[in-house]
Amino acid sequence: MADTGKIREWIIGLSDDYIVEWANKGLLRRGRKLAQKAGEGDFDIADDRIIGHLDGYAQTVDGVGFEHLRCDCPAAETCHHLTAFLLALRDRLPQTCPETPASDETDKNGSDARPWLIPDAGEREKMLGRSVIRRAFRLMMQSVPVEVTENSDGLVAVVREKEVRTVRIPRSGGLDGAICSCKARQCVHKALAVLTVCRENGLIKPEEMATDALTPEQGGVIGQIENWLRSLLIQGVGNVSVSQIEQGESLATLARQADLPRIASQIKSVHQWLTDDQARAAHVRPDVLRFRLARIAAHLSALKTLPLPQPMQTLAGVHSRSYRIVHRLHLTGVGAEIWESPTGYCGFTLYLYAPDQKSWYRHTQARPLAFAGENGWRPADEFRRNSWAGGAKYQAIPGASVEMVQGWVSPDLRLSAREGTRINGPIPLEDFGNLPVFEDFPELAATYARFLSGNIFSDERFMPVIIAAPSFEKAAFDPYQQLWSRTVTDRAGFPVHLRLELARAHAQQAVRVLENIDRSDALPRIFGLLSQRDGEMVLRPVSISIKTPSQWRHLSMAEGES
Ligand SMILES: [Zn+2]
Ligand SMILES: [Zn+2]
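Quick note: the sequence shown uses the working numbering, first residue 2, plus one each step.
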């Protein structure tokens, strides 16, 4: 190593949080006691290492990073001599006289240093490992949620993969001093944290990210499933052979093993239907099976086309982002929905409007489907029972106003629920007064055009919006594209098309509610996400308010769940 300057910088910059993450609170406490007892202590500072003598044992550090620490006591793992050693050095090193660092080093390693920003792809590979970077990009493509915060100590990233992992990268010491709660030295979480901030700072070229979202194993399983579906469609349900049916079962198992839980459960239900003699004897119409197969095919193709050009938000609803702190943000709750993404996540999203900023915000809670299944985590239950950071209950927020006394918001206006978030309220609304409700659809079209032109660098193409629709046409169903639609018009007869993809989870109950709206209902307000297809305005409805502004019915949730 031959560089105590770097080691010195790293140790001086260590916060208690880092030490606890590496050891634990108990060892930090015991270490602090021992360091106090040792007083000035006894350290040998050589060219390439620092040696301490505490409690009759020798401690050594000969590089940047916790793995360069050793103690010769009999403890098998981390011991309190080492935490004491670090604490004592952290206090003492600033008083010892370091060799004067070169001025550019000072710039790079000062308290503003951001060692996680690595502009050069080759350098990133050298520091993080090529295969680890590939895996991290794959997680990114799968929209594994990452929350990144920069504070005075350094960077903290929370990665919600199968388990929640916390990565810390200190400002001094940089990647060598980085630590992850998974305890692995070279881990994919550190790489994902670095790639996430690099990407947000425009340091990653699109071609670098053009990696497959799927592992080779997943790609292979999907290919087999597609062949199976094709053979079922070509031969017709009546001619399905026993071996074809059995293949469905083994494909479901393969899909589950390949971490494609949603596909696995769909294949399994088709397989069950195929094996159910009674159902087949009852001559269930072939188009019912076709519908199921089309639904699976839609998910498969969504998975295959995931990486680019429109990767994260549209398909998954969650993606990597960094947050900044906000205070006293006044919000009006409007819509809420529960969803499943083709990338294997489920969750709920709450939509809120900030009248002062004239902006829409959203708050999402999501978990991997596999986790949700094993732990009984149901988005609708979470929404109904839980509260936002211990404040307002989620389900009481739509139709009410809340104040975010303190919270965190991402560049694309997503609000987090991290520790320290404080929410006051909710206070139910008396009227729609401070909400933008569009009754004039040409005006809505103009607003959407401005939204798009203000978002050219973003892949967000869906604008949250509330419309008041005086007249409804008859609902229509397109069996080929599996689309339900119903056109609503403003007073001048200008149309907006309500449209639902039936392959989406929970679409059927939304259809039931929307088909039952009739003229006797007093001017329903519909909240949804607006987009444009073939020059027409298309609204994916999320929530609807028929009577009072404080009551929204959430279309993806069954009655009683809203
Ligand atoms: Zn020891
Ligand atoms: Zn890790």
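Positions of the beta carbon are idealized from the N, C-alpha and C atoms, including for glycine.
As the structure is a prediction and not an experimental result, all values here were calculated from the model.
Alpha-carbon to alpha-carbon, residue j and residue i
i	j	result
Ala-477	Arg-487	6 Å
Phe-86	Asp-177	19 Å
Ala-337	Tyr-352	6 Å
Thr-315	Ala-450	Any reading at Thr-315 needs caution, since the residue's pLDDT is 35, under 50, leaving its predicted position unreliable; the model's value is listed next. Distance between the alpha carbons of Thr-315 and Ala-450: 19 Å.
Arg-154	Arg-172	Residue 154 is actually Asp in this sequence, not Arg. Near 6 Å, if we compare the C-alpha coordinates of Arg-172 and Asp-154.
Ala-298	Ser-251	18 Å
Met-128	Ile-205	16 Å
Thr-276	Trp-229	15 Å
Ala-179	Gly-421	24 Å
Gly-400	Val-21	43 Å
Ser-236	Ser-242	According to the sequence shown, residue 236 is Gln rather than Ser. Going by the C-alpha atoms only, they are around 10 Å apart.
Ile-545	Leu-556	7 Å
Gly-345	Asn-376	15 Å
Ser-36	Arg-93	Checking the sequence shown, residue 36 turns out to be Ala, not Ser. So the two alpha carbons sit approximately 11 Å from each other.
Leu-309	Gln-60	The predicted position of Leu-309 is uncertain, since its pLDDT is 35 and thus under 50; a value taken from the coordinates is nonetheless stated next. C-alpha separation (whole angstroms): 50 Å.
Trp-340	Thr-350	8 Å
Ala-259	Ala-122	29 Å
Gly-224	Ser-244	18 Å
Glu-41	Arg-33	13 Å
Gly-426	Glu-502	35 Å
Glu-124	Leu-445	48 Å
Met-142	Gly-529	26 Å
Phe-67	Arg-31	18 Å
His-507	Ala-397	21 Å
Ser-132	Arg-186	14 Å
Contact belief for residue i with residue j at Cβ below 8 Å, rounded distance in angstroms
i	j	result
Pro-356	His-331	7 Å
Leu-484	Arg-505	The Cβ separation is near 11 Å, so there is no contact.
Arg-50	Val-65	With a Cβ gap of about 12 Å, Arg-50 and Val-65 do not count as contacting.
Ile-46	Thr-5	6 Å
Pro-465	Trp-361	4 Å
Ala-253	Val-222	That belief does not hold up - the Cβ atoms of Ala-253 and Val-222 are roughly 10 Å apart, past 8 Å.
Arg-1	Trp-378	Summary: the structure shown does not reach residue 1, with the chain confined to residues 2 through 563, and so no result is reported for it.
Arg-601	Val-157	In the structure as shown, the chain starts at 2 and stops at 563, and residue 601 therefore has no counterpart that could be examined.
Ala-89	Gly-53	7 Å
Asp-491	Glu-440	6 Å
Beta-carbon proximity check, residue i vs residue j, cutoff 8 Å
i	j	result
Arg-526	Ala-469	yes
Ser-411	Tyr-324	yes
Leu-436	Val-543	no
Ala-393	Val-403	yes
Phe-384	Phe-442	no
Leu-301	Glu-218	no
Thr-365	Arg-291	no
Thr-167	Ser-182	yes
Ala-194	Val-147	yes
Arg-115	Ile-12	no
His-82	Asp-56	yes
Ser-532	Arg-462	yes
Ala-371	Pro-262	yes
Val-489	Met-538	no
Thr-97	Ala-24	no
Val-145	Arg-161	yes
Ala-559	Gln-510	yes
Reduced DSSP category for residue i - H, G, I as helix; E, B as strand; rest coil
i	result
Asp-108	Below a pLDDT of 50, predicted positions are generally treated as unreliable, and Asp-108, at 41, falls in that range; the measurement from the model is reported next regardless. Asp-108 falls in the helix class under three-state DSSP.
His-364	strand
Leu-436	coil
Leu-234	helix
Leu-35	helix
Tyr-352	strand
Met-142	helix
Met-405	strand
Phe-478	strand
Ile-46	strand
Leu-499	strand
Ala-337	strand
Ser-251	helix
Asn-152	coil
Leu-530	strand
Ser-546	strand
Arg-419	coil
Met-128	helix
Ile-467	strand
Gln-225	helix
Ser-486	strand
Asn-202	coil
Minimum Cβ-Cβ distance from residue i to chain C less than 8 Å
i	result
Pro-427	The structure shown has no chain C; it contains just one protein chain.
Nearest-residue set for ligand 2, Cβ under 7 Å from any heavy atom: Arg-166, Val-168, Cys-181, Ser-182, Cys-183, Ala-185, Cys-188, Val-189, His-190, Lys-191
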